[in-house]
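Written below as structure tokens is the structure these notes are about.
In this note's numbering, the protein residues as written are 354 to 665.
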């Protein structure tokens, strides 16, 4: 225990020295810590993760490995404008946004930057809904791949690899639904709320032999978890259909989401959302005529949906 405290003290002192030193650089306006040192989970081979924001706009981004008291400091330097662009464009659930959400401001000479970071760490209801919606698309994708390898190829090992890949994202959903910001050790956070679920999916599998029957149970458990939370997880999509009250194509839905998110990421994910809601009785599927170009004479059948369920 004393050795662990000594290691932590060494890192804290090195960080303090580094921060005091770079404060003297008038071009560095903000310093932010992220990573394991925030939680104190460091050992002798850990790195210190920092990003700095500068008022030098000539170089938008630089990356350095720096030495401080024989410790490795991983330092990213963003120009002020580049940081703001990255912040505004970063996809909900992306690494950049995760970095911001779990960070700690060491110092800032710019109140606007501080407000940006604090805003990200206290997201509003709609921001949380968008974040969950982004994450669940990847969870569904990996869950279906796990099912495919188990059913089509009888490959338990490959099937479980996809379960492992979705595990952190599933934990992020649980943490967000409980009003917390996901941290690096998000599985540990989620265990506070759903220990039985994550123990069955992860801990017991790691410690015991996995077989096809157990994999079928895990997939069924994850599907049940998502199904029971469909109203919360897919609230943005459901609200859209409730308001529209008519058939909407995938293009219509994607356009709506792109406007909300200022992103074109949704083009692939939208069908996954609608298929899930169709499967569980919220939407009905149609084929809607569409032209591939503005000059096309022939029509193709675009997938479309209308709201059918969930309301009493």
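Where a beta carbon is used, it is the ideal one built from N, C-alpha and C, also for glycine. Values in this document were obtained by computation on a predicted structure and should not be read as measured data.
Rounded to whole angstroms, what is the Cα-Cα separation between residue i and residue j?
i, j, result
"residue 466", "residue 536", "21 Å"
"residue 665", "residue 626", "Because residue 665 sits at a pLDDT of 46, beneath the cut-off of 50, its placement in the model cannot be relied upon, and the point is left open."
"residue 453", "residue 658", "36 Å"
"residue 660", "residue 602", "12 Å"
"residue 656", "residue 628", "10 Å"
"residue 576", "residue 464", "44 Å"
"residue 582", "residue 613", "22 Å"
"residue 393", "residue 635", "45 Å"
"residue 651", "residue 645", "8 Å"
"residue 450", "residue 408", "21 Å"
"residue 472", "residue 378", "26 Å"
"residue 489", "residue 424", "38 Å"
"residue 637", "residue 621", "19 Å"
"residue 648", "residue 496", "40 Å"
"residue 426", "residue 371", "9 Å"
"residue 410", "residue 429", "15 Å"
"residue 564", "residue 375", "55 Å"
"residue 718", "residue 630", "Residue 718 lies beyond the range of the chain shown here (354 to 665); nothing can be said about it."
"residue 514", "residue 507", "13 Å"
"residue 589", "residue 541", "28 Å"
"residue 643", "residue 485", "31 Å"
With distance defined between alpha-carbon atoms, name the residue in the options nearest to residue i.
i, options, result
"residue 478", "529, 436 and 495", "529"
"residue 574", "605, 612 and 500", "500"
"residue 502", "495, 494 and 511", "511"
"residue 520", "651, 412 and 492", "492"
"residue 538", "390, 364 and 370", "390"
"residue 400", "597, 409, 412 and 417", "417"
"residue 523", "557, 572, 372 and 607", "572"
"residue 579", "462, 541, 526 and 544", "526"
"residue 592", "483, 653, 366 and 456", "483"
"residue 632", "562, 513, 361 and 662", "662"
"residue 671", "440, 534 and 515", "Given a span of 354 to 665 for the chain in the structure shown, any question on residue 671 remains unanswerable."
"residue 458", "513, 586 and 387", "387"
"residue 440", "470, 420 and 395", "470"
Using three-state DSSP, classify residue i as helix, strand or coil.
i, result
"residue 356", "helix"
"residue 433", "helix"
"residue 414", "strand"
"residue 630", "helix"
"residue 498", "helix"
"residue 651", "coil"
"residue 645", "coil"
"residue 506", "coil"
"residue 557", "helix"
"residue 602", "strand"
"residue 552", "helix"
"residue 396", "coil"
"residue 635", "coil"
"residue 538", "coil"
"residue 567", "helix"
"residue 581", "helix"
"residue 361", "helix"
Going by DSSP, name the residue or residues bridged to residue i.
i, result
"residue 656", "640"
"residue 384", "405 and 460"
"residue 421", "424"
Inset, instruction - Taking 8 Å as the threshold, find out whether the segment 376-393 comes into contact with the segment 404-422 through three or more Cβ pairs. - result: Using a C-beta cut-off of 8 Å, the segment 376-393 makes contact with the segment 404-422, since at least three inter-stretch Cβ pairs fall below that distance.
Inset, instruction - Assess, as a yes-or-no matter, whether the segment 407-414 is touched by the segment 431-440 under the definition of 3 or more beta carbon pairs within less than 8 Å. - result: Yes: at least three Cβ pairs fall under 8 Å.
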